[in-house]
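Counting with our numbering, you get residues 993 to 1232 for the letters of the sequence shown. Note that CB positions come from ideal geometry on N, CA and C, so glycine has one too.
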Amino acid sequence: MLKVVEISNLTVQYPDVKALDDVSLVVNQGDFLGIIGPNGAGKSTLFASMLGLNTRYKGMIKFFDEDIKKSKNYLKELGYVPQKPIFEKNFPVTVTDVVRMGLRKESDENKIDEILQQLWIHELRERRIGELSGGQQQRVFIAKALVNNPKILILDEPVTGIDQQSIDLFYSILRELNSKQKITIIWSSHDLDAVNKLANHVACLNKTLFFHGESETFFSDDKLVKQYSEASMQEHMSHH
Ligand code: ADP
Ligand code: MG
993 MLKVVEISNL TVQYPDVKAL DDVSLVVNQG DFLGIIGPNG AGKSTLFASM LGLNTRYKGM
1053 IKFFDEDIKK SKNYLKELGY VPQKPIFEKN FPVTVTDVVR MGLRKESDEN KIDEILQQLW
1113 IHELRERRIG ELSGGQQQRV FIAKALVNNP KILILDEPVT GIDQQSIDLF YSILRELNSK
1173 QKITIIWSSH DLDAVNKLAN HVACLNKTLF FHGESETFFS DDKLVKQYSE ASMQEHMSHH
């Protein structure tokens, strides 16, 4: 099995808080990994570190067996959908413009049409991004992340504030990307049921890694799920 990501003893200390504490994790090619954890568990910090956006960590992150501090080549193989879109509501760009921003070479222009069709947003291609529903916008940002044919797709809590119909469509798109196109997916979520249904691996994060393994192992162990839920609930309460 080809190791895509290898995280060893990752610790991130912000001035006021330790966000990650000695996290080690391997992701193999073709895995569909769900990362679950309450608010403040360190999920976005983990992604920021993997993307090279946060370099102040202890430990090591390797993609394709290379330390990401030594080589940025891996970024070509990575598509990323951030937790919150980074444009303003009246931003004067169309759907096609947003997807084109993700394109590395302008010569691949026809790839845009292909990906818009695959994500059911082709008929929206001339619309301004700010006019679209949350679910439609989300598919635009997934299209942007996919337009360079990445081997790995990272999504940070992608269904926050999106209607159920769009969520269902989104999940079926993810399933197809993983099973048919063999894209490795790393996805953070609050939704245990969705992770249970979609992911084949699960990592329960709460600064430290509470569990990492096959999702069947986790979800078939009622005691483990209960223990995790109680721990993360407590964490959640203490933040509010
Ligand atoms: P999650 O995505 O699981 O909600 P985060 O990684 O965003 O968790 O946050 C983990 C902890 O680190 C939180 O306590 C948060 O307030 C803190 N934190 C996140 N980003 C920063 C930052 N850039 N500077 C300082 N503290 C941060
Ligand atoms: Mg987050």
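Contact belief for residue i with residue j at Cβ below 8 Å, rounded distance in angstroms
i, j, result
"ILE1175", "LYS1143", "7 Å"
"ILE1178", "ILE1146", "5 Å"
"LEU1012", "ALA1195", "Not confirmed; about 12 Å, so no contact."
"HIS1141", "GLY1029", "Residue 1141 is actually Asn in this sequence, not His. The Cβ separation is near 30 Å, so there is no contact."
"GLY1044", "LYS1064", "7 Å"
"VAL966", "VAL1132", "Given that the chain is displayed from residue 993 to residue 1232, the structure contains no residue 966 and the question cannot be resolved."
Short Cβ contact (8 Å threshold) for residue i with residue j
i, j, result
"PHE939", "VAL1015", "Not covered by the structure: residue 939. The range shown for the chain is 993 to 1232."
"GLN1128", "LEU1116", "yes"
"VAL1087", "ILE1113", "yes"
"LEU1002", "ILE1060", "no"
"THR1037", "VAL1004", "yes"
"VAL1085", "ILE1121", "yes"
"LYS1218", "ASP1148", "no"
"ALA1040", "ASN1046", "yes"
"LEU1095", "ILE1104", "yes"
"ALA1223", "PHE1202", "yes"
"GLU1058", "TYR1049", "no"
Reference residue i; option with closest CA among the options
i, options, result
"GLY1126", "SER1000, PHE1162, PHE1203 and GLN1226", "PHE1162"
"ASN1192", "GLU1206, ASN1141 and ILE1053", "GLU1206"
"LEU1070", "VAL1187, VAL1091, MET1042 and VAL1151", "MET1042"
"LEU1017", "SER1000, LYS1010 and GLY1029", "SER1000"
"PHE1210", "GLN1226, LYS1189 and LEU1067", "LYS1189"
"LEU1169", "PRO1007, GLY1022 and GLU998", "GLY1022"
"GLU1123", "GLN1226, ASN1082 and SER1181", "ASN1082"
Closer than 7 Å: residue i CB and nearest the ligand MG heavy atom
i, result
"LYS1215", "no"
"ASP1183", "no"
"GLN1130", "no"
"PRO1149", "In the sequence as displayed, the identity of residue 1149 is Glu instead of Pro. Yes, the beta carbon of GLU1149 sits closer than 7 Å to at least one heavy atom of the ligand MG."
beta-carbon residue i near the ligand ADP non-hydrogen atom, thresh 7 Å
i, result
"LYS1035", "yes"
"VAL1009", "yes"
"TYR1006", "yes"
Proximity test, Cβ basis, 8 Å: residue i and chain B
i, result
"GLU1118", "No chain B is part of this structure, which consists of one protein chain only."
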